[in-house]
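Visitor: In the numbering used here, the protein residues as written are 23 to 529. Think of the CB as a built atom: it goes at the ideal place given N, C-alpha and C, for glycine as much as any other residue. Attaching a single structure in structure tokens format; questions to follow.
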DNA sequence: AGTGCAGTTGACTTT
DNA sequence: TAAAGTCAACTGCAC
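Structure representation (structure tokens):
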């Protein structure tokens, strides 16, 4: 083994620090790398975990994005002196094998806010490291805070975190002469073939290009254009897969955005401000899974625990997943997602809401299917959003999207629908959004149901749960645990913000 | 020119 | 990040 071959040379060293790269595939603003490099020789390690990639929410498109990012990280580290070392296996086995083969003085990694499987993995590594007397340092990488006692004051802490200095990459790394290993093919990990011709490319260069083009001009129509899946491709930052893989840090993005905004006024400054708000929301949602990893599995509000619904293999689910519901705008969004791995926020919300509400699909099955299609799958954001758009959080109102109205609002000319649903290309203008008015289109299904009647039934079903007994107290607990403290939002104990004094009442 | 009325628009509330 | 319902103000038009 490579570890053994280099042993004599390595044993002579005073000890090296392992930097365990996870979803933080960059050299800049990387606290574990900076801390390890300050202490001596560094072994930069990327572990390809079969267990992680065998998970239900994992897909080849996510893996390939990370693999591309890791390959570029390897080159960036090579320039510093020690390229990335890639090992396949479960982290506990890989780390303990390394620690037996060479003197490891410490392990540095970022904290990850993920579902229960990865939390358990990190807990096991911590226990092993304690046992082996190897210091295991976990650094913060975004606005999510471990062991947060309360949400109060969170926004100020996010500001402070993102305004702290960006850490430079180390100047040099001592070469270790280890076998660099190879990045496995997705099939070797058992990942299903996942053609995604429009997928974004991984890597730091792509992240930087997106960031600079967004801040220079693409952000100008952001507020207006981000709601449309057609305009959103150009006018949204599309940095989400990079933030998920860590080719760019939230802090780097926030500081670049603030600098770009300070030299601007008007539309571009407004677009960048909106982007900054969304960067904070990014961390706000990751905080939810950090606080409660079970949200990937169970509804935040216990009253919805048994809500269930149709899943894979059932015709309704398959029609939704294939983009063949007969509602053109919804189908276009699904097909666009399948082929590009990305959709703007609003379109994602509609896909979930129609699935869980109109079609009565199981929210967790819906979430798993969409997770695999999102190149930018980020557990905390994803499961918070799926639960919210399915109406099972018990907080916020039930937001039900009308799949036909959304088409009229977001794609009034029908261009997006014609682009992604070829069966409707012959229908001009708005007719593509309502092919039933043209007597249908060859090869395209009739609507799977009367969306207005389905919406009514879903509304009654979901509100029915809310009107049941013992609902209120549990809802307040969810709000206290996860709710934003943004001023003006309803807080526990007060049903609405205090009324402003009104002069004309003159009591 | 003023009046009545149907239809529209926007602000706000409810689900 | 929704949609439907309510209500008041407004608009265009006929008389």
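1) I'd like the ranges of any alpha helix (DSSP H) spanning at least 4 consecutive residues and lying wholly in the segment 219-255.
2) Does DSSP put residue 195 in a helix, in a strand, or in coil?
3) So what does DSSP say about residue 23, is it helix, strand or coil?
4) Helix, strand or coil for residue 338? Go by DSSP, reduced to three states.
5) Check whether the Cβ atoms of residue 500 and residue 416 lie closer than 8 Å to each other.
6) State the start and end residues of the unbroken beta strand (DSSP E) segment that holds residue 68.
7) Taking the beta carbon of residue 520 as the centre, do at least 16 other beta carbons fall within 10 Å, making it buried, or is it exposed?
8) Closer than 8 Å by C-beta to residue 73: which residues in its own chain qualify, once you throw out the five before and the five after it? Chain order, please.
9) By Cβ distance below 7 Å, which residues in the same chain neighbour residue 180 in space, the five residues on each side in sequence not counted?
10) Answer with buried or exposed for residue 263, where buried requires no fewer than 16 other C-beta atoms within 10 angstroms of its C-beta.
11) Span of the alpha helix (DSSP H) holding residue 38?
12) Going by alpha carbons, who is nearest to residue 453 out of 410, 362, 493, 351?
13) Which residues in the same chain as residue 241 place their Cβ atom closer than 7 Å to its Cβ, once the five residues preceding and following it in sequence are excluded?
14) Give me, in chain order, the residues of the same chain whose beta-carbon lies closer than 7 Å to that of residue 353; leave out the 5 immediate sequence neighbours on both sides.
15) Return the chain-ordered list of same chain residues with a C-beta closer than 8 Å to the C-beta of residue 463, the five sequence neighbours on each side being excluded.
16) Over the uninterrupted alpha helix (DSSP H) stretch that includes residue 158, give me the two end residues.
17) Which complete alpha helix (DSSP H) runs does the segment 426-452 hold, if anything under 4 residues is left out?
18) Would you check if there are 3 or more beta carbon pairs closer than 8 Å linking the segment 169-188 to the segment 226-240?
19) Helix, strand or coil, according to DSSP, for residue 478 in the structure here?
20) Based on the DSSP output, what are the partners of residue 383 in its beta bridges?
21) Kindly identify the DSSP beta-bridge partner or partners of residue 129.
22) Under the assumption that residue 375 contacts residue 423 (Cβ atoms under 8 Å), give the Cβ distance between them as a whole number of angstroms.
23) Comparing C-alpha positions only, which one of 63, 191, 256 sits nearest to residue 238?
24) Rounded to a whole number of angstroms, what is the C-alpha to C-alpha distance between residue 273 and residue 482?
25) Taking the C-alpha atoms as reference points, what is the distance between residue 203 and residue 107?
26) Assuming residue 226 and residue 48 are in contact, meaning their beta carbons sit under 8 Å apart, how far apart are those beta carbons, in whole angstroms?
27) Return the residue from the list 101, 206, 220, 91 that minimises the CA-CA distance to residue 192.
28) How is residue 515 classed by DSSP in three states: helix, strand or coil?
29) Mind checking who residue 110 pairs with in its DSSP beta bridge?
Guide: Looking at the coordinates:
1) 226-235, 244-247
2) What you label residue 195 is simply residue 173 of the first chain in a count that begins at 1. Coil at residue 195, not helix or strand.
3) In the first chain, residue 23 corresponds to position 1, counting from 1. Low confidence applies here, because residue 23 scores a pLDDT of 42, under 50, leaving its location unreliable; read the following figure in that light. DSSP places residue 23 in coil when its eight states are reduced to three.
4) Start at 1 with the first residue of the first chain, and residue 338 comes out as number 316. It is helical.
5) For the purposes of this step, residue 500 is identified with residue 478 of the first chain, where counting begins at 1. For the purposes of this step, residue 416 is identified with residue 394 of the first chain, where counting begins at 1. Yes, Cβ-Cβ distance for residue 500 and residue 416 is below 8 Å.
6) Residue mapping note: residue 68 aligns to position 46 of the first chain, counting from 1. 64-70 is the span of the beta strand (DSSP E), which, as asked, contains residue 68.
7) Here residue 520 refers to the residue found at position 498 of the first chain. Confidence is the limiting factor: at residue 520 the pLDDT is only 35, short of 50, which leaves the residue's position unreliable, though a coordinate-based value still follows. Answer is exposed; the Cβ neighbour count stays below 16.
8) As a first step, residue 73 is located in the first chain; it is residue number 51 there, counting from the start. Excluding sequence neighbours, residue 73 sits near 112, 139, 143.
9) Taking the first residue of the first chain as position 1, residue 180 is located at position 158. These residues qualify, in order along the chain: 165, 302, 305.
10) Taking the first residue of the first chain as 1, we reach residue 263 at position 241. With 16 or more Cβ atoms within 10 Å of its Cβ, residue 263 is classed as buried.
11) As a position in the first chain, residue 38 is number 16, starting the count at 1. Following the DSSP letters along the chain, one finds residue 38 in no alpha helix (DSSP H) but inside the beta strand (DSSP E) bounded by residues 38-43.
12) As a working note, residue 453 is residue 431 in the first chain. Residue 453 has its Cα closest to that of 351, out of 410, 362, 493, 351.
13) For the purposes of this step, residue 241 is taken as residue 219 along the first chain, with counting starting at 1. Hits under 7 Å: 290, 293, 294, 297.
14) Along the first chain, read from residue 1 onward, the residue named residue 353 stands at position 331. The residues are 345, 346, 347, 443.
15) In the first chain, residue 463 corresponds to position 441, counting from 1. Taken in chain order, the residues that qualify are 445, 446, 448, 449, 457.
16) In the first chain, the residue the question calls residue 158 occupies position 136. Counting along the chain, residue 158 falls outside any alpha helix (DSSP H), though it belongs to the beta strand (DSSP E) covering 158-161.
17) Runs of the alpha helix (DSSP H) inside the segment 426-452: 437-442.
18) no
19) As a first step, residue 478 must be located in the first chain, where it is residue number 456. DSSP places residue 478 in helix when its eight states are reduced to three.
20) Taking the first chain and counting its residues from 1, the one referred to as residue 383 is at position 361. The partner list for residue 383 (beta bridge, DSSP) reads 332.
21) Sequence index remark: in the first chain, residue 129 carries index 107 (1-based). As DSSP reads the structure, residue 129 sits in a beta bridge with 40, 158.
22) Indexing the first chain from 1 puts residue 375 at position 353. Indexing the first chain from 1 puts residue 423 at position 401. Between residue 423 and residue 375 the Cβ distance is about 4 Å, and since that is below 8 Å, they are a contact.
23) In the first chain, counting from the first residue as 1, residue 238 sits at position 216. For residue 238, the nearest C-alpha among the options comes from 256.
24) Residue numbering aside, residue 273 sits at position 251 when the first chain is read from its first letter. Residue numbering aside, residue 482 sits at position 460 when the first chain is read from its first letter. Approximately 43 Å between the Cα atoms of the pair.
25) Counted from its first residue, the first chain places residue 203 at position 181. Counted from its first residue, the first chain places residue 107 at position 85. Distance between the alpha carbons of residue 203 and residue 107 is about 6 Å.
26) The sequence position of residue 226 within the first chain is 204, counting from 1. The sequence position of residue 48 within the first chain is 26, counting from 1. Their Cβ separation, rounded to whole angstroms, is 6 Å, which keeps residue 226 and residue 48 in contact under 8 Å.
27) Here residue 192 refers to the residue found at position 170 of the first chain. Among 101, 206, 220, 91, the Cα nearest to that of residue 192 is on 101.
28) As a first step, residue 515 is located in the first chain; it is residue number 493 there, counting from the start. Unreliable placement is indicated for residue 515, whose pLDDT of 37 sits below 50; no coordinate value is reported for it.
29) As a working mapping, residue 110 is identified with position 88 in the first chain. DSSP output for residue 110 lists 70 as bridge partner(s).
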